[in-house]
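To keep things clear, I will list the structure first and then write my remarks on it.
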Amino acid sequence: MDHDHDNDSELPAHVHAHFPIPQERAEEAVRELLRWAGDDPEREGLIDTPARVARAFREYYRGYLEDPGTHLSRTFGEVGGYDEIVLLRDIPFQSHCEHHMAPIIGKAHIAYLPKDRVVGISKLARVLHGYARRLQVQERLTAEVADCIQLHLEPRGVAVVIEATHACMSARGVLTSGVTMTTSRMMGVFREDERSRKEVLALMGLG
Ligand SMILES: [Zn+2]
477 MDHDHDNDSE
487 LPAHVHAHFP
497 IPQERAEEAV
507 RELLRWAGDD
517 PEREGLIDTP
527 ARVARAFREY
537 YRGYLEDPGT
547 HLSRTFGEVG
557 GYDEIVLLRD
567 IPFQSHCEHH
577 MAPIIGKAHI
587 AYLPKDRVVG
597 ISKLARVLHG
607 YARRLQVQER
617 LTAEVADCIQ
627 LHLEPRGVAV
637 VIEATHACMS
647 ARGVLTSGVT
657 MTTSRMMGVF
667 REDERSRKEV
677 LALMGLG
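Using the working numbering, the first residue of the sequence shown is number 477, and each one after it goes up by one.
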């Protein structure tokens, strides 16, 4: 039975994950795309492809099944008076653009200046992946990661810089390979104070 997609569009994106679709239907959709591309989904080389693609989608879009903020729910208050920038640099990630469903491949630098709470550093990467494993535009991905950290840790500042290449640019259309797009979101002291911003960008290797 089909769901009413006009109503779906009123809801936040992650709510779609609550309408379970059997994997066979996803596989049939892939077979249809293979036919549409001009190939025969029944030939030997393609026979298992729809199932593989469906499983790959589960992985690419796993972020719809989670609230990335939960990774920041466990914080530590005993930081020994540490009041300098915490930075996770060169975090590799993969996402998919919402316009073409093509890969966005890049790295992120995530920093915050703690007020009185810190998190285990791997959690910052988990927040990134939680949002990256959805259909995205790079600008929104950058903003969502920063906003999530701001909301849950309430630090004195957050800085997120993402550098990525978009397969929809390099593999189709204008065929521009090797072009990197950079987006950033600065909050708190990194937005208001020029010196802090320069410091965090230098730590990221972007100064
Ligand atoms: Zn695209």
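Glycine included, C-beta positions come from ideal geometry on N, C-alpha and C.
Between ligand 1 and the CB of alanine 578, the shortest heavy atom gap is smaller than 8 Å. The alpha helix (DSSP H) runs of length 4 or more contained entirely in the segment 619 to 664 are, from start to end of the chain, 643 to 646. Counting along the chain, the unbroken alpha helix (DSSP H) around leucine 679 starts and ends at 670 to 679. Ligand 1 has a heavy atom closer than 8 Å to the beta-carbon of methionine 645.
Looking only at Ala643, Asp515, Arg632 and Gln626, the smallest Cα-Cα distance to aspartate 559 is reached by Arg632. DSSP places leucine 617 in the helix class (H, G or I) of the three-state scheme.
Around glutamate 639, the same chain offers Gly582, Lys583, Thr656 and Thr658 as residues with beta carbons nearer than 7 Å, after the five sequence neighbours per side are excluded.
Ligand 1 approaches histidine 575 closely enough that one of its heavy atoms is under 8 Å from the residue's Cβ. In terms of Cα proximity to histidine 575, the closest of Leu548, Ile523, Ala619 and Gln614 is Gln614. Of the heavy atoms belonging to ligand 1, at least one sits nearer than 8 Å to the Cβ of histidine 642.
Contact annotation: methionine 680 and valine 637 have beta-carbon atoms nearer than 9 Å.
Just so you know, the alpha carbons of histidine 585 and leucine 677 end up roughly 9 Å apart. Bridge partners of phenylalanine 552 according to DSSP: Val594. Counting along the chain, the unbroken alpha helix (DSSP H) around proline 526 starts and ends at 525 to 536. Closest in C-alpha terms to arginine 538, from the list Val555, Pro517 and Gln570, comes Gln570. Contact check for leucine 600 against isoleucine 625 passes: the beta carbons are separated by less than 9 Å.
Three or more pairs of CB atoms, one per stretch, sit closer than 8 Å, so the segment 531 to 546 contacts the segment 603 to 614.
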